[in-house]
Amino acid sequence: MKALISGRAAPVLYKPCVPSTNSELKAMAKTGAGHGTVLYAGRQTAGRGRMGRRFESPEGGLYLSILWRPEVSPEDCLRLTPCAAVAVSRCIETFCGIEPEIKWPNDLQIKGKKICGILTEGSFEAGGQFLVVLGIGLNVNNAGFPPELEGSASSLRLETGREFPIDRLAAELIRALDEMYQSCFTEHSLWLEEYRRRCNTIGADINMLMGDVKRPAKVLAVEDDYSLLLDVDGKPERKAFGEISIR
Ligand code: BTN
Numbered sequence: 001m002k003a004l005i006s007g008r009a010a011p012v013l014y015k016p017c018v019p020s021t022n023s024e025l026k027a028m029a030k031t032g033a034g035h036g037t038v039l040y041a042g043r044q045t046a047g048r049g050r051m052g053r054r055f056e057s058p059e060g061g062l063y064l065s066i067l068w069r070p071e072v073s074p075e076d077c078l079r080l081t082p083c084a085a086v087a088v089s090r091c092i093e094t095f096c097g098i099e100p101e102i103k104w105p106n107d108l109q110i111k112g113k114k115i116c117g118i119l120t121e122g123s124f125e126a127g128g129q130f131l132v133v134l135g136i137g138l139n140v141n142n143a144g145f146p147p148e149l150e151g152s153a154s155s156l157r158l159e160t161g162r163e164f165p166i167d168r169l170a171a172e173l174i175r176a177l178d179e180m181y182q183s184c185f186t187e188h189s190l191w192l193e194e195y196r197r198r199c200n201t202i203g204a205d206i207n208m209l210m211g212d213v214k215r216p217a218k219v220l221a222v223e224d225d226y227s228l229l230l231d232v233d234g235k236p237e238r239k240a241f242g243e244i245s246i247r
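Okay, here's the thing in structure tokens:
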């Protein structure tokens, strides 16, 4: 492990290869890892995505998890994931000069292709303390993807024609997440407004994906709790979680 950022209150730990930074950091939380601890890896052998999916994590990507021991309610913590999507987008825009869009709920896309996913896991410790581990997988210098992902995934390198120093990008990302955590509970309306501005799903014709079943809908708005307000066959419907594709 190597220290990535000096002078930060909580440690930033690096490992060249782990099964999953989220799983490893959750295990570290059980043995007392503190608020703000970051684990960052060069690659993952069992990277996990949302909905129990696998997250391809070869060398060239950035795989980072952060642990929070929030003082706010688990319900308020639901905003951490969308606010992190905003923070990561801002960071990419500043550091790489390209503006990703947020595809609801929290994928980052460039020209309709996914470059980043976020997996947030909450749990209660034995003493009742609520913990959040938020993991970010960002395709940075990947030069290609397996055939099944080729049409839907991309990387910062493929989109800009440039390679980026992953350590420096990780340090910027950690700074962006620290700043986000400081303000997303007290100044939430600003984060919500920026989420809406960056979200490519508002106004889109989508399919709601439920197993093999697709239900078409139009997205009218992102509500204050980040759920989607949909028009489904002329009737309003809300969708708080799950998977969609943009048509
Ligand atoms: C998704 O798109 O479904 C979410 C992907 C989240 C991947 C990141 S990589 C770092 C952290 N460790 C994991 O096992 N998953 C998250």
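So for the sequence shown, this note's numbering puts the first residue at 1; every next one is plus one. Here a beta-carbon is modelled for each residue, glycine too, at the ideal position from N, C-alpha and C.
**Request:** From the DSSP output, in three-state form, read off Trp104 for me.
**Result:** For this step, residue 104 is matched to residue 104 along the sequence shown. Coil, per DSSP.
**Item:** Nonlocal neighbours in the same chain, by C-beta distance under 6 angstroms from Phe124, ignoring five residues either side
**Value:** The residue you call residue 124 lines up with position 124 of the sequence shown. So the qualifying residues of the chain are Phe130.
**Asked** Is the closest heavy atom of the ligand BTN to the C-beta of Thr37 under 7 angstroms?
**Response** Locating residue 37 in the sequence shown gives position 37, where the first residue counts as 1. Thr37: no, Cβ never under 7 angstroms from the ligand BTN.
**Message:** Quick check: is the beta carbon of Cys184 nearer than 8 angstroms to any beta carbon in chain D?
**Reply:** The chain inventory of the structure shown lacks chain D, comprising one protein chain alone.
**Message:** Any heavy atom of the ligand BTN inside 7 angstroms of the beta-carbon of Ser292?
**Reply:** Because the chain in this structure spans residues 1 to 247, residue 292 falls outside the shown range and cannot be described.
**Cβ neighbour criterion (16 or more within 10 Å) applied to Lys114** = Indexing the sequence shown from 1 puts residue 114 at position 114. With 16 or more other Cβ atoms within 10 Å, it is buried.
**Message:** Shorter than 7 angstroms, the distance from the beta carbon of Leu80 to the closest heavy atom of the ligand BTN, or not?
**Reply:** Residue numbering aside, residue 80 sits at position 80 when the sequence shown is read from its first letter. Not under cutoff, so the answer is no.
**Asked** Helix, strand or coil: how does DSSP classify Asp225 here?
**Response** Against the sequence shown, residue 225 aligns to sequence position 225. Residue state, collapsed to three classes: coil.
**Asked** Can you tell me the Cα-Cα spacing of Lys2 and Tyr14, whole angstroms?
**Response** Along the sequence shown, read from residue 1 onward, the residue named residue 2 stands at position 2. Along the sequence shown, read from residue 1 onward, the residue named residue 14 stands at position 14. Note on Lys2: pLDDT 46, under 50, position unreliable in the model; no value is reported.
**Message:** I need the straight-line Cα distance from Arg238 to Ser227, nearest angstrom please.
**Reply:** Numbered from 1 along the sequence shown, position 238 holds the residue referred to as residue 238. Numbered from 1 along the sequence shown, position 227 holds the residue referred to as residue 227. Approximately 7 angstroms between the Cα atoms of the pair.
**Item:** Closest by C-alpha distance to Pro82, when choosing among Pro74, Lys218, Leu192
**Value:** On the sequence shown, residue 82 is found 82 positions in, with the first residue counted as 1. Considering only alpha carbons, the answer is Leu192.
**Item:** Minimum C-alpha distance to Leu64 - residue among Arg48, Pro74, Ser73
**Value:** Counting from 1 along the sequence shown, the entry for residue 64 is found at position 64. The closest CA to that of Leu64, considering only Arg48, Pro74, Ser73, is found on Arg48.
**Message:** Taking 7 angstroms as the cut-off, is the beta-carbon of Gly47 closer than that to any non-hydrogen atom of the ligand BTN?
**Reply:** Along the sequence shown, read from residue 1 onward, the residue named residue 47 stands at position 47. Result yes, Cβ under 7 angstroms from the ligand BTN.
**Prompt:** Under 8 angstroms, do Lys26 and Glu121 count as touching if we go by C-beta distance?
**Reply:** In the sequence shown, the residue the question calls residue 26 occupies position 26. In the sequence shown, the residue the question calls residue 121 occupies position 121. Their beta carbons are under 8 angstroms apart, which means Lys26 touches Glu121 by this criterion.
**Proximity test, Gly137 beta-carbon vs the ligand BTN heavy atom, cut-off 7 angstroms** = Counting from one through the sequence shown, the residue named residue 137 turns up at place 137. It does: the Cβ of Gly137 is within 7 angstroms (strictly closer) of some heavy atom of the ligand BTN.
**Continuous alpha helix (DSSP H) stretch holding Asp167: start and end** = Counting from 1 along the sequence shown, the entry for residue 167 is found at position 167. Per DSSP, Asp167 belongs to the alpha helix (DSSP H) from 166-183.
**Item:** Contact test: Thr160 Cβ vs the ligand BTN heavy atom, cutoff 7 angstroms
**Value:** Stepping through the sequence shown from its first residue, residue 160 is reached at position 160. For the ligand BTN, not one heavy atom lies less than 7 angstroms from the Cβ of Thr160.
**Message:** Per DSSP, what are the beta-bridge partners of Ser123 in this structure?
**Reply:** In the sequence shown, residue 123 corresponds to position 123, counting from 1. Per DSSP, Leu131.
**Buried versus exposed call for Thr21 [16 or more other C-beta atoms within 10 Å across all chains shown]** = One-based indexing of the sequence shown puts residue 21 at position 21. Thr21 is buried by the Cβ-count criterion.
**Prompt:** For Met210, which beta-bridge partners are listed by DSSP?
**Reply:** As a working mapping, residue 210 is identified with position 210 in the sequence shown. Per DSSP, Val213.
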